[in-house]
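For the protein sequence lines, the chains are A and B, in the order given.
When the first sequence is numbered by this note's numbering, its final residue is 367 and no position is left out of the sequence of numbers.
When the second sequence is numbered by this note's numbering, its final residue is 734 and no position is left out of the sequence of numbers.
Glycine included, C-beta positions come from ideal geometry on N, C-alpha and C.
2 protein chains.
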Amino acid sequence: MRSKLTIQDVARLAGVSKATVSRVINQKTNVNPDTRERVLRVINEKGFVPSITASGLAGKKSRLIGVLAPPFTSPFVPEIMRGVAEVMEQSAYEMVLYSINPQHRHGDALDRIIGMRLTAGLLVILPGQLSRHLTDMHDHGLPIVVIDDQGPFIDLPWIGIDNRNSAYQATRHLIKLGHRRIAHLEGPTSHRCTAERYEGYVQALLEANITPDPRLVVQGEFLVEGGRACGETLFSMSSRERPTAIFSANDQMAFGLMEVAAERGICIPDDIAIVGFDDMPLSAYIRPTLTTVRQPFYEMGRVAIELLLCFIDSAFSTGEKAREWDIPLSLLSAIRGGMHEPIRYQLPTRLIVRESCGAKQPLPLSG
Amino acid sequence: MRSKLTIQDVARLAGVSKATVSRVINQKTNVNPDTRERVLRVINEKGFVPSITASGLAGKKSRLIGVLAPPFTSPFVPEIMRGVAEVMEQSAYEMVLYSINPQHRHGDALDRIIGMRLTAGLLVILPGQLSRHLTDMHDHGLPIVVIDDQGPFIDLPWIGIDNRNSAYQATRHLIKLGHRRIAHLEGPTSHRCTAERYEGYVQALLEANITPDPRLVVQGEFLVEGGRACGETLFSMSSRERPTAIFSANDQMAFGLMEVAAERGICIPDDIAIVGFDDMPLSAYIRPTLTTVRQPFYEMGRVAIELLLCFIDSAFSTGEKAREWDIPLSLLSAIRGGMHEPIRYQLPTRLIVRESCGAKQPLPLSG
DNA sequence: CTGTTAGCGCATTCAT
DNA sequence: ATGAATGCGCTAACAG
């Protein structure tokens, strides 16, 4: 193994000064092409890798990106992280991972993280409510991008989906299949997406001249158990009142619903049609397979981290096009132009039609 | 947001020297309790957090732990990471995450990671074969702990399970249920665990005076698709030759098996009993629920990171150029507790009995 | 016990 | 276009 080299060593071997080596490393233009070549050869031959620590200290900028995420066992986190990791690999940054339990207060942890000034920016993946700390940090210049399910109502650069419209499409699908008595499993009120998905549901009903029936809207906590409870309630209704279809605000609750249905001998989709939300890995495997709204988690991760790197770069350099991202021009100009409207990017969802709703084949979402 | 403080500021506010502040921060004992108290008060009041970057540079030791992991979408990674993250939260270290695609050659990535000397140690989660780089690094003093499925045959501190015995127990369970024609779905030969699990399978057969039938051993690549192919093969056998039970070397292939069974109207467990390996989240939900060997992924993560922190601490506490690569042999053996045998922890697995094997209730593993 | 001094490896002025 | 000098925030040696 090569023993560790410093810029000093490279400078000596290449017959130049440390400053010149530093210039080459940092892609400065004011270097003689000849000299550059010589330095680069030494660097490659010896396998020199600059110390990220020292350069961070000296340059007053870090090459680490902090990622705050809930425990990986949350069903959607792995997919988001896959997108994040792929982009990070291509970048010059490394990722520092902070696992945050959303149940606990994370103010302290945040303080520690920010206070350390270890990272050049923060990607925050947080379901549920957001800490006020984050807005403070952002206002003071720390680049932050948030992925959450709260909808575009926060004051930070935000990546998410259009919950309202997605729910609208899901419900509309059921209506187009002929259902009139459509129930809705809400999530907890603490999540803003709960209200949005509910609104989309109601909107679809109204458009079809169906009067929303409050008895058909029941609430769970986004967990299987809550779905079970709701199932017990709904399936106990008299056959005249019982819904013929259910739109669940997430897949997990739909699973609970399906369990209860199986136990009671209620056939899906013949007796009851079900549509979920999220498209978890399990949803394609459970029997019957679950029709659901797919959230583009992988893309959300990619876009979020790309946006964050954008911020960081433009914070460092004076906005010269540092890289080419597939981010809409409007967004880029917003970033660079220093506009004061918050940046919000809603990624498109897609209705994945499977067995649980009784449709024999996928229908176009916009149909 | 508090503006950034340095040790300098704290020193001034507390009326002591920078060195003293540093001593307090680093829990040195040679500080007057009174002085310590005063410094700590200032630190807390002002919310001072030392720069991990600067201290890393000056102290020649990093407070970052590198974690090399395959993409999070690998089914077992999230659980391992949960264990890792929980331990990290309690420690003074931060985690730098490197996502490594096991398909690609990861030598380059490793070089970059190691060369950067960013991290004080490495936790490596790698299915499949291990890079030789890692052993080199370790021999030169970089603390490393490996979690993999290769069995205890590598020269690095290792956390894993007893594949052979686990497979033995799984097969034995099927035998105790009365099965004599038991097939085995192997994994790819590139994984050492494949051979081990096969050995455990054969051993159980032999102990029960069952002659292993080579036609009943088929191979997949640990993926659902491979399981499907194996299913086609096995279920096409004549009723006299067809196995009555199958032990699959992992759950994913068992899923493929179950799909084919469903398509052919073969009933699990009445027509065929199935046991898997891993206990993936899906395994408890798929119908029928899958009997399988549970790998303690969460615990593996915990134990691995704890062991690694142990190494790192003991490397630091000996004080002598602990982070240099050309570490004295004496120190290396000290890290290993003076023993020269490599450190290997095999965590216990557990057979989770569910519906797919036909047993009506859990049987004790040791029964 | 505590203050002083000297770097850690690099980026960034200044000079030239 | 290049080299010399200064300092990032902190730890570690050495004195007192």
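field: Cα-Cα separation, Ile335/A to Gly426/B
entry: Any reading at Ile335/A is ruled out, since the residue's pLDDT is 49, under 50, leaving its predicted position unreliable.
Coil, strand or helix - Val145/A by DSSP: strand
field: Three-state secondary structure assigned by DSSP to Gln586/B
entry: strand
message: Going by beta-carbon coordinates alone, are Thr659/B and Asp618/B separated by less than 7 angstroms?
response: Against a cut-off of 7 angstroms, the Cβ pair of Asp618/B and Thr659/B comes out as a contact.
message: Assuming Arg242/A is part of the alpha helix (DSSP H), what are its boundary residues?
response: It is not in any alpha helix (DSSP H) - Arg242/A carries neither H nor E in the DSSP assignment.
message: According to DSSP, is Ser458/B part of a helix, a strand, or is it coil?
response: coil
message: Strictly below 7 angstroms CB to CB, what residues from chain A border Val491/B?
response: Per Cβ cutoff of 7 angstroms: no residues; Val491/B is ~16 angstroms from chain A at best.
task: Take the Cβ of Leu156/A as the centre, count every other Cβ of all protein chains shown within 10 Å, and call the residue buried at 16 or more, exposed below.
output: Per the 10 Å Cβ criterion, buried.
message: Against chain B, does Gly190/A count as a neighbour if the rule is that its beta carbon must be under 7 angstroms from one of theirs?
response: Sequence inspection shows Ser at residue 190/A; the Gly mentioned does not correspond to that position. No, Ser190/A lies away from the interface with chain B (no Cβ there is under 7 angstroms from its Cβ).
message: Contact defined as beta carbons within less than 8 angstroms: I believe Gly632/B pairs with Gly598/B. What is the distance between those atoms, to the nearest angstrom?
response: Rounded, the Cβ-Cβ distance is 13 angstroms, inconsistent with contact.
Check whether Val96/A and Leu142/A have beta carbons under 7 angstroms apart: no
task: Would you verify that the beta carbon of Pro70/A is, or is not, closer than 7 angstroms to some beta carbon of chain B?
output: Output row for Pro70/A: interface = no.
- request: Drop a sphere of 10 angstroms on the beta-carbon of Asp516/B, count the other beta-carbons inside from all chains shown, and report buried for 16 or more, exposed for fewer.
  value: buried
message: Quick check: what's the CA-CA separation for Asn399/B versus Arg669/B?
response: Take the alpha-carbon of Asn399/B and the one of Arg669/B: they are about 37 angstroms apart.
message: Assuming Tyr201/A is part of the alpha helix (DSSP H), what are its boundary residues?
response: Arg192 to Glu207
message: Quick check: the region 303-313 of chain A against the region 113-126 of chain A, are at least 3 beta-carbon pairs closer than 8 angstroms?
response: yes
- prompt: Roughly how many whole angstroms lie between the Cα atoms of Gly423/B and Phe297/A?
  reply: 35 angstroms
Members of the region 204-233 of chain A that neighbour chain B once the beta carbon cut-off is set at 8 angstroms: none
- prompt: Can you list, in chain order, the residues of the region 265-281 of chain A whose Cβ is nearer than 9 angstroms to any Cβ on chain B?
  reply: Pro281
Neighbourhood of Met504/B by C-beta distance below 6 angstroms, restricted to the same chain and skipping five residues each side: Ile481
field: Euclidean distance between Cα positions of Phe415/B and Asp162/A
entry: 40 angstroms
- prompt: Between the beta-carbon of Ala616/B and the beta-carbon of Leu541/B, is there less than 7 angstroms?
  reply: no
query: Who are the near neighbours of Pro50/A in its chain, counting only those whose CB is closer than 8 angstroms to its CB and skipping five residues on each side?
result: Ile7 and Ile25
- request: Going by CA-CA distance only, name the one from His191/A, Met88/A and Leu205/A that's closest to Glu221/A.
  value: Per the Cα distances, His191/A.
task: Take the Cβ of His546/B as the centre, count every other Cβ of all protein chains shown within 10 Å, and call the residue buried at 16 or more, exposed below.
output: Buried: at least 16 other Cβ atoms inside 10 Å.
- prompt: For Thr656/B, which residues in chain A fall below 9 angstroms Cβ to Cβ?
  reply: Neighbours of Thr656/B on chain A: none; closest Cβ ~12 angstroms, over 9 angstroms.
field: Endpoints, beta strand (DSSP E) assigned at Asp278/A
entry: Ala273 to Asp278
task: With DSSP collapsed to three states, give me the class of Asn285/A.
output: Note that residue 285/A is Tyr in the sequence shown here, rather than Asn. Reduced to three states, the DSSP call for Tyr285/A is coil.
- prompt: Skipping 5 residues on each side, what residues in its chain have a beta carbon closer than 6 angstroms to that of Asp139/A?
  reply: Cβ within range, chain order: n/a, list empty.
query: Thinking just about the alpha-carbon of each residue, which of Ala262/A, Asp111/A, Pro75/A and Arg164/A is nearest to the one in Leu282/A?
result: Pro75/A
- prompt: Does DSSP classify Leu290/A as helix, strand or coil?
  reply: It is coil, neither helix nor strand.
- request: Report the residue from Val377/B, Lys428/B, Asn397/B and Val513/B whose alpha carbon sits nearest the alpha carbon of Ala436/B.
  value: For Ala436/B, the nearest C-alpha among the options comes from Val513/B.
- prompt: Comparing the C-beta of Gly518/B with each C-beta of chain A, is any distance below 7 angstroms?
  reply: Not closer than 7 angstroms to any Cβ of chain A, the Cβ of Gly518/B fails to qualify, so no.
task: For Gly382/B, count neighbouring C-beta atoms within 10 Å of its own C-beta (all shown protein chains included) and say buried if the count is 16 or more, exposed if not.
output: exposed
7 angstroms Cβ cut-off: residues of chain B touching Arg132/A: Within chain B, no residue comes near Arg132/A; the closest Cβ sits about 11 angstroms away, beyond 7 angstroms.
field: Cα-Cα separation between Ile352/A and Ala245/A, rounded to whole angstroms
entry: 16 angstroms
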